[in-house]
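Q: Listed in order, the protein sequences are those of chains A and B.
For the first sequence, the numbering used here gives the first residue as 180, with consecutive numbering after it.
For the second sequence, the numbering used here gives the first residue as 7, with consecutive numbering after it.
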Amino acid sequence: MKRRDFIQNTFAGVVMPALLNGLSFKAFGNVDDAALGDENILVVVQLSGGNDGLNTVIPIDKYGLYQNARTNIAIPKEKLLTIPQTDTLGLNPGMTSFQTMFKEGKAALIQSVGYPNPNFSHFRATDIWNTASDSNIFVNNGWTGRYLAVDNPSFPTGYPNTKYPDPLAIQIGSVVNTALQGPIQSMGMAISNPSSFYNLISNKVESTPNTLAGKELKYLREVATQTNLYANTIKSAAGKVTKQAIYPNTGLANQLKIVAQLIGGGLKTKVYYVSMGGFDTHSAQVNTSDTATGSHTNLWKTVSDAIKSFSDDLSGLGVSKKVLGLTYSEFGRRVKSNASVGTDHGAAAPMFMFGDLVNPIVLGKSPDIAASPTTNDNVTMQYDFRSVYASILTQWFCLDQSYVDDVLLKDFQPLPLVQVQACGKITANEPITLTEDLIGNYPNPFSDSTTLTFTTKGGHTMIQIFDNIGRVISVPVDGEYDAGRHEVVVDTRDFNSGMYFARLQNGEIQQVRRMVK
Amino acid sequence: MTQFYSPTAIQGGIDEYKGEWKTAQISHLLKRTMFGANPDDIAYFQKKTVSQTIDELLATPTPVEPPLNYYDTVDYKDPQGIKFGETWVNAIYGDGTVNSRRRASYKYWWAIQMATQKRNINEKMVLFWHNHFSTEINDVDDARFVYIYNTVLRKNALGNFKDFVRQITLDPAMLRYLNGRLNTKNAPDENYGRELQELFTLGKGSGSKYTEDDVKAAARVLTGFNINNDRIVYTFNVNNHDTTDKKFSAFYNNTVIKGTNTAAGAEKELDDLLSMIFAVEEVSYYICRKLYQFFVYYDITPTVEKDIIEPLAKIFRNNKYEIKPVLAALLKSQHFYDANVYGSMIKSPLDLVIGTLREFNVTFPSPKDFLQEYYNLFGEMARQGQIMQQDIGDPPNVAGWPAYYQAPMFYGIWVNSDTYPKRNQYTDTFINSGFTKNNKKIQLDVVAFAKKMPTPNEPNKLISDSLEILYKIPVTTELVQQLKKDILLSGQSTDYYWTELWDTMISKPNDTNTLNMVTTRLRSLYKYLMALPEYQLS
Chain A
180 MKRRDFIQNT FAGVVMPALL NGLSFKAFGN VDDAALGDEN ILVVVQLSGG
230 NDGLNTVIPI DKYGLYQNAR TNIAIPKEKL LTIPQTDTLG LNPGMTSFQT
280 MFKEGKAALI QSVGYPNPNF SHFRATDIWN TASDSNIFVN NGWTGRYLAV
330 DNPSFPTGYP NTKYPDPLAI QIGSVVNTAL QGPIQSMGMA ISNPSSFYNL
380 ISNKVESTPN TLAGKELKYL REVATQTNLY ANTIKSAAGK VTKQAIYPNT
430 GLANQLKIVA QLIGGGLKTK VYYVSMGGFD THSAQVNTSD TATGSHTNLW
480 KTVSDAIKSF SDDLSGLGVS KKVLGLTYSE FGRRVKSNAS VGTDHGAAAP
530 MFMFGDLVNP IVLGKSPDIA ASPTTNDNVT MQYDFRSVYA SILTQWFCLD
580 QSYVDDVLLK DFQPLPLVQV QACGKITANE PITLTEDLIG NYPNPFSDST
630 TLTFTTKGGH TMIQIFDNIG RVISVPVDGE YDAGRHEVVV DTRDFNSGMY
680 FARLQNGEIQ QVRRMVK
Chain B
7 MTQFYSPTAI QGGIDEYKGE WKTAQISHLL KRTMFGANPD DIAYFQKKTV
57 SQTIDELLAT PTPVEPPLNY YDTVDYKDPQ GIKFGETWVN AIYGDGTVNS
107 RRRASYKYWW AIQMATQKRN INEKMVLFWH NHFSTEINDV DDARFVYIYN
157 TVLRKNALGN FKDFVRQITL DPAMLRYLNG RLNTKNAPDE NYGRELQELF
207 TLGKGSGSKY TEDDVKAAAR VLTGFNINND RIVYTFNVNN HDTTDKKFSA
257 FYNNTVIKGT NTAAGAEKEL DDLLSMIFAV EEVSYYICRK LYQFFVYYDI
307 TPTVEKDIIE PLAKIFRNNK YEIKPVLAAL LKSQHFYDAN VYGSMIKSPL
357 DLVIGTLREF NVTFPSPKDF LQEYYNLFGE MARQGQIMQQ DIGDPPNVAG
407 WPAYYQAPMF YGIWVNSDTY PKRNQYTDTF INSGFTKNNK KIQLDVVAFA
457 KKMPTPNEPN KLISDSLEIL YKIPVTTELV QQLKKDILLS GQSTDYYWTE
507 LWDTMISKPN DTNTLNMVTT RLRSLYKYLM ALPEYQLS
């Protein structure tokens, strides 16, 4: 199918040993289905409410500016958790489990993930992240749904079948995420009642009222269970796992525990969604007496402890190499804290990925923070969230790039987020370290115009200019360029005075230049 | 009567209900007596008393317009010259092709009558009587015949039951369906004579003790009737009539019906036959039990038999088998409004299909401008009922749909591993994409439905008020909270986000982005609510 064609094409005539980072060529030559991503599973952790990225990943390299922007909620430098990947940042003190995972090489961080022209409504922003649409385009189906529809266009007609005996996607304990909505049908397993799923795998019967209607309801539920074509495969998978790691008793951990149980039991479901709320921290996100503690820190302790237990459990069950995870939230929060010891709806924020085969890197630089930040200042995006999705599709699900464009509705460049073994795909495992400045401008500050200078390795190159709340003001460069250094003059007469960010994107390379009018 | 299940018996007798008159009671009444409880109808009856409401529902309905030629196309014209938009019911038969189109027209028209019903019980009663005096279009074949049969049902649905039986006995479709036209003195066909007693008047309960000889005698009474296929009326041929006396068993007090040799005499014999049957009190019991099982609950316990059926049967007899007084007493009774009755019935496919589109006030294209699309979209509704095993006009046999009579499953028969997913697919499709014919689409307008709720910008109220209309069984607070958080609030914990979103939609009607956000969430919400088994209960 789509994937096999791609693998054959890719392997033809590619010289590999030197690139393979210690992996023997033989191992690669014997690629079987498992190594082609057929068994690869994605677990998506949705963090609802809009996570405050700047108090999740704190810029140690800009600590003074950070503290200045957030006098009432800044976390003391000495309380931050450092990771071996970089010394420019520290993690929130609640994230000790994540710190361990970074040390073990099982976690990755992508800085300042967002999209042009961010929306600050929970609803709209959630829809944008789930549908992977542009900010101004309304799409009715989701990115994982579209991905699953590539190989399963007629689902659910003819499913389950011998090739796909299990649900394609499962949403744990909640309403199926819009992201799983395919072009025609939802690709997610419809769980008719939040509690029915738990009952299904634990063999419990939902209680019904002791009335005549209750009697009919009980009957209807029995029929509903019989007609859930996947009930038995899920039950039997769950039944195969009798011993699991110890999880904290939190909602998220309980959800992930079920996911581990199903994966451990051999369910071939490709995508799982779990979710947790509470990130809408408008007020009292820290304890003022000790800003290293408080509700936001607790949230991240919950998330990272749950994910660490999940990761340990998967290792114990012998399936950890099959699983890649990521966290996302509909937006980040404002750079400057507000007077009620919280933060308001903002733009870009960090994303985390986890798994045995994640490329354990930190992508991107610490966000820019102005010396005198205004209440409207936002974290400017460095990476489009759809580039993260593109990486998962190509490097984890081994999808051909041409399909990726269909799934993501546009051409997005993948980032090196997954280790090469996952798809046998040749990507560099090392983060792209940008020692040189690839983008600059003069004069800066500017008035009527400024000249952008940029260096591209060739191919598609784009420069977007954002204002300080993330709106795209201009796209002076967007096309094919020869490798080398180029210049372009930007007419800035219409620009209001203030701060601007010019973002260069050239393949996996992304760099942001701050400018002032 | 067997007691099949009784976790809690239904309380209250036949005495008039004097309790609360709110959405809970009204939606219960409307779901049972109409197709679905439309929010506008609930609001309308909230301003009336119980008694006024029932009287209005039982008002004699106005006649309806006949089915039309919607089927002419560029390539096909009705061969009898019935023009597009005209009725075919008075046309000549023509050929099989046009008849099959008229049959479709008739079925779709029936779906239209159900969906566009007035605030009246009549349409439900037409279904009740169709199930009671069953005929099958597949069998009767001629579309004009079944249309006339339908008008008999309509005219008599709230009339006098004895007159009704007489008209049905001589109805051309029935004379075809149960072979009355083939019933002659030399070759008696007992089919109708049997069903008249077994299914139409006396039933098979313990109080019904007619004999095989009674079946034969009744058949002989009815010999000689036939049909004029052109005029579609019954005829009588004295040469085929058994002119001898017909003797009945002790169950009928050894009644003798005097044989006659004229058309008027044969009709008198029929009247005598019906008078003899209706003299048996069991007729009143049998019909009241059937009404009870159709409108209240299937299990007729000894208590129900004594406290409800007995007094209703008495009312029926005392009113010379007029149907209205019985329905009025039942629908005004304390028993009918006992909370234990609510939600105790699994919706029939037509209740689900037509009820859903009525509760959501689905707008169809105007029949004036888009007659073909109008009919075809209602045809899709009829088809939905059919695939869920209730094909209007075509019950499985003369006994009607088993779900209305077959112990011990009764309504449970409607749902199985084949039909249950189809019920979910129906509501899913109706919300997701709707149904389309020739570019005309019908879809549930979830925003319009939410707007009918008293305070749709308050997420808790929006859900609980919607549930008051859509469900007849309580759900847990946890479920409501979860739906609110996961769907209306997209995972947030602050109710205000929904309020703000809704208010923005109202204050900026041209803001399509906001409308889209509200629509997406309401679609998820209502799709979810209609996918739960609770929605299948009425």
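Don't be surprised by glycine CBs; every beta carbon is placed ideally from N, CA and C.
1) Excluding five sequence neighbours on each side, which residues of the same chain lie with their C-beta closer than 8 Å to the C-beta of W135 of chain B?
2) Provide the residue span of the alpha helix (DSSP H) that contains I437 of chain A, from first to last.
3) Give every residue of the same chain whose Cβ lies closer than 6 Å to the Cβ of Y381 of chain B, excluding the five residues on either side of it in the sequence, and list them in chain order.
4) Would Q9 of chain B count as contacting chain A if we go by Cβ distances under 8 Å?
5) Between S312 of chain A and chain B, is the shortest Cβ-Cβ distance under 8 Å, so that the two count as touching?
6) Just mark G456 of chain A as buried or exposed, buried being the case when its beta carbon has 16 or more other beta carbons within 10 Å.
7) Which of the three DSSP states is assigned to M678 of chain A in this structure?
8) For D148 of chain B, which residues in the same chain have their Cβ closer than 7 Å to its Cβ, ignoring the five residues on either side in sequence?
9) In or out: E288 of chain B buried (at least 16 other Cβ within 10 Å) or exposed?
10) Using 10 angstroms around the beta-carbon of Q350 of chain A, count the other beta-carbons present and answer buried if the total reaches 16, otherwise exposed.
11) With 8 Å as the threshold, decide whether the Cβ of A528 of chain A is near any Cβ in chain B.
12) For I648 of chain A versus A681 of chain A, is the C-beta distance shorter than 8 Å?
13) With DSSP collapsed to three states, give me the class of S371 of chain A.
14) Leaving aside the five residues before and after P427 of chain B along the sequence, list all residues of the same chain whose C-beta is less than 7 Å from its C-beta, in chain order.
15) Using a Cβ-Cβ cutoff of 8 Å, what residues of the stretch 392-419 of chain A are near chain B? List them in chain order.
16) Are the beta-carbon atoms of M415 of chain B and P355 of chain B separated by less than 8 Å?
17) For the stretch 440-490 of chain B, list the beta strand (DSSP E) runs that are entirely contained and at least 3 residues long, ordered along the chain.
18) Give every residue of the same chain whose Cβ lies closer than 8 Å to the Cβ of L208 of chain B, excluding the five residues on either side of it in the sequence, and list them in chain order.
19) At a Cβ cut of 9 Å, what residues of the stretch 445-462 of chain A count as close to chain B, listed as they run along the chain?
20) Quick check on S499 of chain A: does DSSP put it in helix, strand or coil?
21) In terms of alpha-carbon separation, which member of A:I413, A:L435, A:K414 lies closest to Q423 of chain A?
22) Quick one: what does DSSP say P69 of chain B is sitting in, helix, strand or coil?
23) Using the beta-carbon of each residue, which ones in chain A are nearer than 7 Å to V421 of chain B?
24) Drop a sphere of 10 angstroms on the beta-carbon of Y198 of chain B, count the other beta-carbons inside from all chains shown, and report buried for 16 or more, exposed for fewer.
25) Residues of chain A with CB closer than 7 Å to the CB of G25 of chain B, please, in chain order.
26) Do three or more CB pairs link the stretch 457-475 of chain B to the stretch 385-399 of chain B at distances below 8 Å?
27) Would DSSP call G393 of chain A helix, strand or coil?
28) In the DSSP assignment, what residue or residues form a beta bridge with D84 of chain B?
29) In chain order, which alpha helix (DSSP H) runs of at least 4 residues are fully inside the stretch 213-250 of chain A?
30) In terms of DSSP beta bridges, what is I642 of chain A paired with?
31) Please say whether V558 of chain A and V514 of chain A have beta carbons closer to each other than 8 Å?
32) How about Y298 of chain B: is its C-beta nearer than 8 Å to some C-beta of chain A?
33) Are the Cβ atoms of D535 of chain A and S499 of chain A separated by less than 8 Å?
34) Tell me which residues share the same chain as N267 of chain B and place their Cβ nearer than 6 Å to its Cβ, disregarding the 5 neighbours each side in the sequence.
35) Just to confirm, are A49 of chain B and T309 of chain B a CB contact at a threshold of 8 Å?
36) Under the rule that 16 or more other beta-carbon atoms within 10 Å means buried, what is T629 of chain A, buried or exposed?
A: Taking the geometry as given:
1) L159, N162, A163, F170
2) 430-443 is the span of the alpha helix (DSSP H), which, as asked, contains I437 of chain A.
3) Cβ neighbours of Y381 of chain B beyond the five flanking positions: Y76, Y114.
4) Its pLDDT being 38, under 50, Q9 of chain B is placed unreliably by the model, and the measurement read from it follows with that caveat. With its beta carbon at least 8 Å from every one in chain A, Q9 of chain B lies outside the interface.
5) no
6) buried
7) If DSSP states are grouped into helix, strand and coil, M678 of chain A belongs with the strands.
8) The answer, listed in chain order, is Y99, N105.
9) buried
10) Buried is the label assigned to Q350 of chain A, since at least 16 other Cβ atoms lie within 10 Å of its Cβ.
11) no
12) The answer is no: Cβ separation not under 8 Å.
13) At S371 of chain A, the pLDDT of 41 sits below 50, so the modelled position is not reliable; the number obtained from the coordinates is stated separately. Note: S371 of chain A maps to coil in three-state DSSP.
14) none
15) Interface annotation for the stretch 392-419 of chain A against chain B: A392, G393, K394, E395, L396, Y398, L399, R400, V402, A403, Q405, T406, criterion Cβ-Cβ distance under 8 Å.
16) Between M415 of chain B and P355 of chain B, the gap from beta carbon to beta carbon reaches 8 Å or more.
17) 441-443, 446-448
18) S214, Y216, I283, V286, E288, V289, Y292
19) S454, M455, G456, G457, F458, D459, H461
20) helix
21) Looking at the Cα atoms, A:L435 is the closest of the given residues.
22) coil
23) L399, V402
24) Buried, since its Cβ has 16 or more Cβ neighbours within 10 Å.
25) Residues of chain A passing the Cβ test: none, with the nearest at roughly 18 Å.
26) no
27) helix
28) Its beta-bridge partners do not exist; DSSP assigns none.
29) 242-248
30) A:V656, A:L683
31) Going by C-beta atoms, V514 of chain A is nearer than 8 Å to V558 of chain A.
32) no
33) yes
34) Sequence-distant Cβ neighbours of N267 of chain B in its own chain, meaning closer than 6 Å and more than five residues away, are V244, T249.
35) no
36) buried
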